[in-house]
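See below for the structure under consideration.
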Ligand SMILES: Nc1ncnc2c1ncn2[C@@H]1O[C@H](COP(=O)(O)OP(=O)(O)O)[C@@H](O)[C@H]1O
Ligand SMILES: [Mg+2]
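Numbering (the working numbering), first residue to last: -18 to 249.
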């Protein structure tokens, strides 16, 4: 197994995912620079979400390796091979995501949704959660305060006690992102965050992404169809078609790449 480049937070090496006879990902080599915003674009069915599922442990790639620069308990960078690890374990190492279809607990409050995101940071474990000793109660209190502050920081401070289902769609997206942030990620994965948003909400999302990058010390990888959003926030773009990376480069280079234009026009 080769090593992770010192400037990368994530690399995949020859990742393939085969479902029955369908090759959903074919030998994908991918790199996310530490601190960057990287975009993954491509027509519907290209394999983008499958790729996220392979990174986050929902699927184990049929072939290949995923290397991640995790933060050790001593604060030092440790390179971890992720293949075969569970989603919880991967979240704990510092990778968090949102889903293409929003996955909130509709009948829980905004604050409760974020608290669930915090769960993996708690030390209490099952015993503490069942018997709720003093240290568990203190920890829960600290988590509630931390979650509340995070919601305030990202513009949801006035709706913390509302049910998630009663938020406007744009705020539901925002909440899902805040919940992901609550796990303290070093890499944040966003799967089509602008899907279903109107123009104003998309603009607010763009501001939110810039803000997160300014305030949190993290890298972002986003799948997105909204080209103006991709062009405005990302430093590097990968283009996927039929499970393969067909182009990669700066947004400007990608915009004028003939293979990319063909992949998109071919979809119409
Ligand atoms: N669990 C699965 N079982 C079988 N086929 C799947 C599964 N997940 C995704 N696929 C297939 O993999 C291909 C890529 O899907 P997906 O990753 O969702 O594409 P994208 O996110 O780029 O639109 C599609 O043909 C899809 O039907
Ligand atoms: Mg998808």
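Note that the Cβ used here is the ideal one computed from N, Cα and C, for glycine as well.
Close beta carbons around residue 27, own chain, < 6 Å, minus the five adjacent residues each side
Counted from its first residue, the chain shown places residue 27 at position 46. Residues 221 and 222 of the same chain have their beta carbon placed closer than 6 Å to that of residue 27, with the five preceding and five following residues left out of the count.
Please output, in chain order, the residues near ligand 2 using a CB cut-off of less than 7 Å to any non-hydrogen atom of the ligand.
29, 30, 81, 172, 173 and 204
For the stretch 128 to 153, list the beta strand (DSSP E) runs that are entirely contained and at least 3 residues long, ordered along the chain.
none
Any idea if residue 59 is buried or exposed, counting beta-carbon neighbours within 10 angstroms, 16 or more meaning buried?
In the chain shown, the residue the question calls residue 59 occupies position 78. With fewer than 16 other Cβ atoms inside 10 Å of its own Cβ, residue 59 counts as exposed.
Taking the C-alpha atoms as reference points, what is the distance between residue 182 and residue 119?
Residue mapping note: residue 182 aligns to position 201 of the chain shown, counting from 1. Residue mapping note: residue 119 aligns to position 138 of the chain shown, counting from 1. Looking at the two C-alpha atoms, the distance is approximately 37 Å.
Applying the criterion that 16 or more other CB atoms from any shown protein chain within 10 Å of the CB defines a buried residue, is residue 152 buried or exposed?
Indexing the chain shown from 1 puts residue 152 at position 171. Classification of residue 152: buried, given that the 10 Å Cβ count is 16 or more.
Exposure label - residue 133; buried when at least 16 CB within 10 Å:
Here residue 133 corresponds to residue number 152 of the chain shown, with the count starting at 1. Residue 133 should be labelled exposed.
Hey, would you say residue 174 sits closer than 9 Å to residue 148, going by beta carbons?
Working through the chain shown from its first residue, we reach residue 174 at position 193. Working through the chain shown from its first residue, we reach residue 148 at position 167. No; because the gap between Cβ atoms is not below 9 Å, this pair is not in contact.
In its own chain, which residues sit with a C-beta less than 6 Å from the C-beta of residue 51, not counting the 5 before and 5 after it?
What you label residue 51 is simply residue 70 of the chain shown in a count that begins at 1. These residues qualify, in order along the chain: 59, 61, 74 and 75.
Identity of the residues DSSP links to residue 190 by a beta bridge:
Taking the first residue of the chain shown as position 1, residue 190 is located at position 209. According to DSSP, residue 190 bridges with nothing at all.
Does the beta-carbon distance from residue 167 to residue 14 come in below 9 Å?
Residue numbering aside, residue 167 sits at position 186 when the chain shown is read from its first letter. Residue numbering aside, residue 14 sits at position 33 when the chain shown is read from its first letter. Not a contact, by the Cβ cut-off of 9 Å.
Rounded to a whole number of angstroms, what is the C-alpha to C-alpha distance between residue 88 and residue 96?
What you label residue 88 is simply residue 107 of the chain shown in a count that begins at 1. What you label residue 96 is simply residue 115 of the chain shown in a count that begins at 1. Distance between the alpha carbons of residue 88 and residue 96 is about 14 Å.
Relative to ligand 1, is the shortest distance from any of its heavy atoms to the C-beta of residue 3 smaller than 8 Å?
In the chain shown, the residue the question calls residue 3 occupies position 22. Indeed, a heavy atom of ligand 1 lies less than 8 Å from the Cβ.
Classify residue 249 as helix, strand or coil using the three-state DSSP reduction.
By 1-based counting over the chain shown, the position of residue 249 is 268. Residue placement at residue 249 is poorly supported in this model, since its pLDDT is 46, which falls under 50; the coordinates are not used for a value here.
Going residue by residue through the stretch 58 to 105, where are the continuous beta strand (DSSP E) segments of at least 3 residues, counting only ones entirely within it?
58 to 62 and 76 to 78
What did DSSP end up calling residue 225 once you bin it into helix, strand or coil?
Here residue 225 refers to the residue found at position 244 when the chain shown is read from its first residue. Residue 225 falls in the strand class under three-state DSSP.
For a test of the three-state rule: what should DSSP assign to residue -8, helix, strand or coil?
The count along the chain shown starts at 1 and reaches residue -8 at position 11. In the structure shown, residue -8 sits in a strand (DSSP, three-state: E or B).
By a C-beta neighbour count over all protein chains shown, 10 Å radius and 16 as the cutoff for buried, is residue -8 buried or exposed?
Taking the first residue of the chain shown as 1, we reach residue -8 at position 11. Answer is buried; the Cβ neighbour count reaches 16.
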